[in-house]
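Q: Numbering (our numbering), first residue to last: 110 to 205. I'd like to ask you about the structure that follows.
What follows is the structure, encoded as structure tokens:
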């Protein structure tokens with residue numbers, strides 16, 4: 110592959126990687142907040158022992174689970190982009 114093509118792809122991967130890392134940081138903050146809400150709801154459901162409190166906890170926990178799955182997928186995307194970046198850097202280092 111010609112050097113300029115490798116460099117162009119490297120720039121594109123870098124931009125995508127930066128964006129994905131930013132999204133991951135935001136998602137981490139949101140997940141931490143929702144996890145705290147879930148823990149509060151869990152404690153309320155234990156203390157209140159009412160069907161409503163249990164339902165509220167279940168709802169919040171479903172959100173936590175969905176966000177955790179989204180985080181895992183985004184983390185895998187970041188790792189894939191990092192691998193691709195490293196491959197492209199090796200291509201550039203080997204003369205493109």
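All C-beta atoms, glycine included, are put in the ideal place defined by N, C-alpha and C.
Which residues in the same chain have their Cβ closer than 8 Å to the Cβ of residue 140, if we skip the five residues on either side of it in sequence?
A: The residue labelled residue 140 in the question sits at position 31 within the chain shown. Excluding residues within five positions, the ones whose Cβ falls inside 8 Å are 173, 176, 177, 180.
Q: What separation, rounded to the nearest whole angstrom, lies between the Cα atoms of residue 160 and residue 170?
A: For the purposes of this step, residue 160 is taken as residue 51 along the chain shown, with counting starting at 1. For the purposes of this step, residue 170 is taken as residue 61 along the chain shown, with counting starting at 1. For residue 160 and residue 170, the distance between alpha carbons rounds to 15 Å.
Q: Near residue 155, which residues of its chain fall below 6 Å by C-beta distance, leaving aside the five closest residues on each side in sequence?
A: Along the chain shown, one-based indexing puts residue 155 at 46. Result list for residue 155: empty, nothing under 6 Å.
Q: Specify the secondary structure class of residue 170 as computed by DSSP and reduced to three states.
A: In the chain shown, residue 170 corresponds to position 61, counting from 1. It is helical.
Q: Residue 201 and residue 133: beta carbons closer than 8 Å?
A: Here residue 201 refers to the residue found at position 92 when the chain shown is read from its first residue. Here residue 133 refers to the residue found at position 24 when the chain shown is read from its first residue. No. Outside cutoff.
Q: In the DSSP assignment, the alpha helix (DSSP H) including residue 145 goes from what residue to what residue?
A: One-based indexing of the chain shown puts residue 145 at position 36. Here the alpha helix (DSSP H) through residue 145 covers 112-157.
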